[in-house]
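Protein sequence lines correspond, in order, to chains A, B and C. Under our numbering, the first residue of the first sequence carries the number 753, and numbering increases by one thereafter. Under our numbering, the first residue of the second sequence carries the number 6, and numbering increases by one thereafter. Under our numbering, the first residue of the third sequence carries the number 3, and numbering increases by one thereafter. Glycine residues also receive a C-beta, built at the ideal position from the N, C-alpha and C atoms.
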Amino acid sequence: MKKDRRDFLKLAGCAAVAGVGSSTAFHSLLRGEAEAAGLKRAGTKKDKSGTRLGMVIDIQKFIDNRDLAQRCIRVCHQIHNVPDFGNPKDEIKWLWTDRFEHVFVKDTHYRQAQHLQGMPVLSLCNHCDNPPCVRACPTKATFKKDDGVVGMDYHRCIGCRFCMAACPYGARSFNWRDPRGMDEHGRSFISEINPEYPARTMGVVEKCNFCTERLAVGKIPACVEEAAAAEAMFFGDLNDPDSEVSRVLREKFTIQRRPSLGTYPSVFYII
Amino acid sequence: MYGSGRIIPALIIFVGLMTFPIWYNAGKAQQPPELVLPSEYSECVRDTQFMRESHMVLLHEWRDDILRKSGPRSGVTASGMQYERSLQKGCMSCHYDKKNFCDQCHDYTAVVPDCWACHLEPTKEAI
Amino acid sequence: MIEKALQGSKGYWTWIACLLAVIAIGGMFYVQQWNYGLGVTGMSRDVSWGLYISQFTFLVGVAAGGLMLVLPYYLHNYKEFGRITILGEFMAIAAIIMCLMFIIADLGQPMRALNVLLYPTPQSMLFWDMVVLNGYLALNLVCGWAILHSEYKGVKYANWVKPFIYLSIPWAISIHTVTAFLYAGLPGRDYWLTAILAPRFLASAFAAGPALLLIIALIIERNTLFRVGQVAKDKLVTIISYAAIINFFFLACEFFSAYYSQYPSKMYTKDYLFFGLEKDGNIFNNLVPYMQASVVIGVIGIAMIFYARSRKSDILLGISCALIFLSLWIDKGLGMVLGGFVPNPMGQVTQYYPSIQELGITAAVWATGFLVVTLLYKVAISVKLEKEL
């Protein structure tokens, strides 16, 4: 009888410890951490409070300005010290163009408008509202900020490349070799270094940061600024009904890349 | 003791080698490094003692605050001087002579921070 | 006990020397990778995981496979496995060590690996993988060593070991489930995004692990007085063949879903792996010979293992196990990870070929695993023979 009671007490003790432990873990998962990963709102609609920075790209305007896309890419890569290795295997890109039918993968589409076929379309990190890369990162080296930007901390990145596997947009690049090195002809991979912004080191992942360093000083992203004259790109708070992006989104028909994946991209395209 | 003829001399050699840096440097006083301080300024963002001990902690705080919480990019010292919370754009704008400032102490204490793998040193023109 | 690993025949020391040589060569390649970066590998922006991660994934399976020996013995009191459970536990130790080495080899910043502990992130499957893999390594070290040591002293193992043994059983399932979850939770990768991935991983693990173990056990039988026992062998054959058959059944289920539904993104990778994928007039098929061979070899292996049992032929048994192991290695240690990156998010195809350095480092990690297995098995077999003879 006495033994039974002792066993019962042991069992009850273990159960209590397990219960407290798991509920604490569960709560920590549901609060802060999970929120940053977007787990809390997975499958639900994003609530409209707070800031959510977003971008609209009018691809028609890029047809009218043939070199505009390249100008945007150049300014982006120049101010962010993005290296150019000159080969696709090591390639690092924050902002780039690809053919329309690649950016919007539609190989079951029998025939589409002639002018869209093969047309170069700008693509970049979508700064998803429910980013799979943030969910995957084992160190919180990539994270969702309050303003909606998906940021990167290159100091913390261990280079596991889980985020690259997780990103459905191919927006992430890895430093396969030292970006501050030179090729065999003595050409520096970063041709013109911008002393206002750091470079990266070998073995970390990098991507577009929505020019968070420019936003902090009241500027708009460099590519948007470059495209401003042509009115080809718009930037602002998607949750603010009076912002320019909100106005454009209200007026124009826009599409997004792979919307069915539930990532809620913050980059929209006017076709 | 079995094999003492080999073990004891081997132990002596091992201990000797392990302690080599201690007795090699014994009696030689190392000169603490003399840092070249910027002549234009008389105060840093915090007092000297704090900066000497904890500048790396401060840099990490700035980094995490700015990167993750969109914290302010500049700060103000107690005496009202404004500064940029940035290694590359803040610290190095005064302490541009990295060789005679950062490296001096880091060499002396034998620490190898990897800041400069990414962050850019001030160029010759800046000095 | 450990001194038993330091006494061996000439053949034993030659084998160790060979392994050390391979490790040394791989070490030199790793120095090159350390200095130049992961650019020395064949990996690229599009195929951002290669041989290292695919080997890691496969070896988690080998480690989990040890469960098929531990479970019948400890949970069902199946006495015939008494002699070989320790081999299962020690093989799991070697496999996990290899897994961890492959992860480190794959990291861009290996010096920062402990950031995973410094900034624990429960929403990341990789964080949990780190937890379960290290936990499983610890469990097997504790259980394996404690049990062998008590055997060495001729007593039954202490009672405190029991909870750890029981814990190691669900834990083995967890390591491979979490490893499958690394892949099966990514919305943009259709080949991996399948609920059957974890069950399929487990099925292939429960075939590949015991198959490798049986091959090694047969080699030990040839060279020492150690005997696995016919009943245990027959039971292992049953386990291996059923697990392999279930694995192929799951593969067939994957094929049915993709090709009957005609859902394009579910077909692309299977086309690429098994038949060749046509894209803008080019055919991409560099893995097709391997993947087709994997199926053929697997089917032959399963047929042969039944025949080997009926004939009680150890040679045939060894060959059929080797075939099954090879089949599963190609399927999971090659196609599973590499296939997931085709097509890339832009719908394009980049084919991956490992570099010499990558192959050298991979060989060195395998050699390290074999070295660990050799040393641990040497100790285990010596202890067992000492007690039995």
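query = Excluding five sequence neighbours on each side, which residues of the same chain lie with their C-beta closer than 7 Å to the C-beta of L377 of chain C?
reply = Taking the first residue of the third sequence as 1, we reach residue 377 of chain C at position 375. Result list for L377 of chain C: A7, in chain order.
query = Would a check of beta-carbon distances place S925 of chain A closer than 8 Å to chain C?
reply = As a position in the first sequence, residue 925 of chain A is number 173, starting the count at 1. Yes, S925 of chain A lies at the interface with chain C (some Cβ there is under 8 Å from its Cβ).
ask   = Roughly how many whole angstroms lie between the Cα atoms of I25 of chain C and A369 of chain C?
value = In the third sequence, the residue the question calls residue 25 of chain C occupies position 23. In the third sequence, the residue the question calls residue 369 of chain C occupies position 367. Taking the straight line from one Cα to the other gives about 6 Å.
task = Ignore the nearest five residues each way along the sequence and tell me which others in I105 of chain C's own chain have a CB closer than 7 Å to its CB.
result = On the third sequence, residue 105 of chain C is found 103 positions in, with the first residue counted as 1. Contacts found: F58.
query = Listed from N- to C-terminal order along the chain, which residues in the segment 962–992 of chain A have their beta-carbon within a distance smaller than 9 Å of any beta-carbon of chain B?
reply = T964, E965, L967, A968, V969
message = Suppose contacts are defined by Cβ-Cβ distances below 8 Å. Is A893 of chain A in contact with C880 of chain A by that definition?
response = In the first sequence, residue 893 of chain A corresponds to position 141, counting from 1. In the first sequence, residue 880 of chain A corresponds to position 128, counting from 1. Result no, Cβ atoms of A893 of chain A and C880 of chain A do not sit closer than 8 Å.
request  = Note down the Cα distance separating E256 of chain C from Q822 of chain A, rounded to an integer number of angstroms.
outcome  = If you number the third sequence from 1, residue 256 of chain C lands on position 254. If you number the first sequence from 1, residue 822 of chain A lands on position 70. Their backbone Cα atoms lie some 43 Å apart in a straight line.
message = Helix, strand or coil, according to DSSP, for P112 of chain C in the structure here?
response = Here residue 112 of chain C refers to the residue found at position 110 of the third sequence. If DSSP states are grouped into helix, strand and coil, P112 of chain C belongs with the helices.
request  = With distances taken Cα to Cα, identify the nearest neighbour of T43 of chain C among C:K164, C:P345, C:Y76, C:L109.
outcome  = The count along the third sequence starts at 1 and reaches residue 43 of chain C at position 41. T43 of chain C has its Cα closest to that of C:L109, out of C:K164, C:P345, C:Y76, C:L109.
ask   = In terms of residues, what are the limits of the alpha helix (DSSP H) holding N117 of chain C?
value = In the third sequence, the residue the question calls residue 117 of chain C occupies position 115. Its alpha helix (DSSP H) spans residues 117–120.
request  = Can you say whether E360 of chain C is buried or exposed, counting buried as having 16 or more other CB atoms within 10 angstroms of its CB?
outcome  = Mapped onto the third sequence, residue 360 of chain C falls at position 358. Result: buried.
key: Exposure label - I13 of chain B; buried when at least 16 CB within 10 Å   = As a first step, residue 13 of chain B is located in the second sequence; it is residue number 8 there, counting from the start. It counts as exposed.
query = Who are the near neighbours of F277 of chain C in its chain, counting only those whose CB is closer than 8 Å to its CB and skipping five residues on each side?
reply = Position 275 of the third sequence, counted from the start, is the residue given in the question as residue 277 of chain C. Answer for F277 of chain C: N287, V290, listed in chain order.
query = Secondary structure at R932 of chain A, three-state DSSP: helix, strand or coil?
reply = By one-based count along the first sequence, residue 932 of chain A stands at place 180. R932 of chain A: coil per DSSP, three-state reduction.
ask   = If you follow the alpha helix (DSSP H) that S50 of chain B is part of, which residue opens it and which one closes it?
value = Position 45 of the second sequence, counted from the start, is the residue given in the question as residue 50 of chain B. It is Val, not Ser, that sits at residue 50 of chain B in the sequence shown. No alpha helix (DSSP H) holds V50 of chain B; DSSP gives it neither H nor E.
query = Measuring CB to CB, does R887 of chain A end up less than 8 Å from A923 of chain A?
reply = Indexing the first sequence from 1 puts residue 887 of chain A at position 135. Indexing the first sequence from 1 puts residue 923 of chain A at position 171. No, Cβ-Cβ distance for R887 of chain A and A923 of chain A is not below 8 Å.
task = Determine the chain B residues that contact I825 of chain A at a beta-carbon separation under 7 Å, and present them in chain order.
result = The residue given as residue 825 of chain A occupies position 73 in the first sequence. Within chain B, no residue comes near I825 of chain A; the closest Cβ sits about 22 Å away, beyond 7 Å.
Reduced DSSP category for P872 of chain A - H, G, I as helix; E, B as strand; rest coil = The sequence position of residue 872 of chain A within the first sequence is 120, counting from 1. Here P872 of chain A sits in strand by DSSP.
Chain C contact residues for Y862 of chain A, given Cβ-Cβ distances below 9 Å = Position 110 of the first sequence, counting from 1, holds the residue named residue 862 of chain A. Simply none; closest approach about 13 Å.
message = Below 9 Å on C-beta distance, what does A888 of chain A contact in chain C?
response = Numbered from 1 along the first sequence, position 136 holds the residue referred to as residue 888 of chain A. In chain order: Q125, S126, M127, L128, L184, G187, L188.
request  = Would you mind giving the Cβ-Cβ distance between V64 of chain C and A210 of chain C, rounded to the nearest angstrom? I have them listed as a contact below 8 Å.
outcome  = As a working mapping, residue 64 of chain C is identified with position 62 in the third sequence. As a working mapping, residue 210 of chain C is identified with position 208 in the third sequence. That belief holds up - the Cβ atoms of V64 of chain C and A210 of chain C are roughly 6 Å apart, short of 8 Å.
message = For F1020 of chain A, list the residues DSSP reports as bridge partners.
response = Mapped onto the first sequence, residue 1020 of chain A falls at position 268. In the DSSP output, where bridge partners are listed per residue, F1020 of chain A has A:V808.
ask   = Are the beta-carbon atoms belonging to V1 of chain C and P345 of chain C less than 8 Å from one another?
value = Since the first and last residues shown for chain C are 3 and 391, residue 1 of chain C lies out of range.
key: Interface positions of the segment 891–915 of chain A facing chain B (Cβ-Cβ less than 8 Å), listed along the chain   = F895, K897, D898, D899, G903, D905, Y906, H907
inquiry  = Here's the rule I'm using: 16 or more other beta-carbon atoms within 10 Å means buried, otherwise exposed. How should I1007 of chain A be labelled?
reply    = In the first sequence, residue 1007 of chain A corresponds to position 255, counting from 1. When all chains shown are included, I1007 of chain A counts as exposed.
inquiry  = Any beta carbon of chain B sitting closer than 8 Å to that of I945 of chain A?
reply    = In the first sequence, the residue the question calls residue 945 of chain A occupies position 193. At least one chain B Cβ lies under 8 Å of I945 of chain A.
request  = Examine the Cβ distances between the segment 255–275 of chain C and the segment 185–193 of chain C and report whether three or more of them are shorter than 8 Å.
outcome  = yes
request  = For C323 of chain C, count neighbouring C-beta atoms within 10 Å of its own C-beta (all shown protein chains included) and say buried if the count is 16 or more, exposed if not.
outcome  = Taking the third sequence and counting its residues from 1, the one referred to as residue 323 of chain C is at position 321. Flag for C323 of chain C reads buried.
inquiry  = Count Cβ pairs between the segment 937–949 of chain A and the segment 832–839 of chain A that sit closer than 8 Å; are there 3 or more?
reply    = yes
task = Starting from the beta carbon of E952 of chain A, find every residue of chain B whose beta carbon is closer than 7 Å, and list them in chain order.
result = Here residue 952 of chain A refers to the residue found at position 200 of the first sequence. This sequence places Arg at residue 952 of chain A; Glu is not what is there. Residues of chain B passing the Cβ test: C123.
message = Under DSSP, the beta strand (DSSP E) around L279 of chain C begins and ends at which residues?
response = For the purposes of this step, residue 279 of chain C is taken as the residue at position 277 of the third sequence. Taken as a continuous stretch (DSSP letters only), the beta strand (DSSP E) holding L279 of chain C covers 279–281.
ask   = Which value, in whole angstroms, describes the spacing of the CA atoms of F372 of chain C and I88 of chain C?
value = Here residue 372 of chain C refers to the residue found at position 370 when the third sequence is read from its first residue. Here residue 88 of chain C refers to the residue found at position 86 when the third sequence is read from its first residue. Looking at the two C-alpha atoms, the distance is approximately 16 Å.
message = In the DSSP output, which residue or residues are listed as bridge partners for W848 of chain A?
response = Translated into positions along the first sequence, residue 848 of chain A becomes position 96. According to DSSP, W848 of chain A bridges with A:S875.
inquiry  = Please list, in chain order, the residues of the segment 840–851 of chain A that have any C-beta partner in chain C closer than 9 Å.
reply    = P840, K841, D842, E843, I844, K845, D850, R851
query = Closest Cβ-Cβ distance between E948 of chain A and chain B: below 8 Å?
reply = Translated into positions along the first sequence, residue 948 of chain A becomes position 196. Closer than 8 Å to some Cβ of chain B, the Cβ of E948 of chain A qualifies, so yes.
query = Which same chain residues, not among the five before or five after R913 of chain A, have their C-beta less than 7 Å away from its C-beta?
reply = As a position in the first sequence, residue 913 of chain A is number 161, starting the count at 1. Taken in chain order, the residues that qualify are F926, V957.
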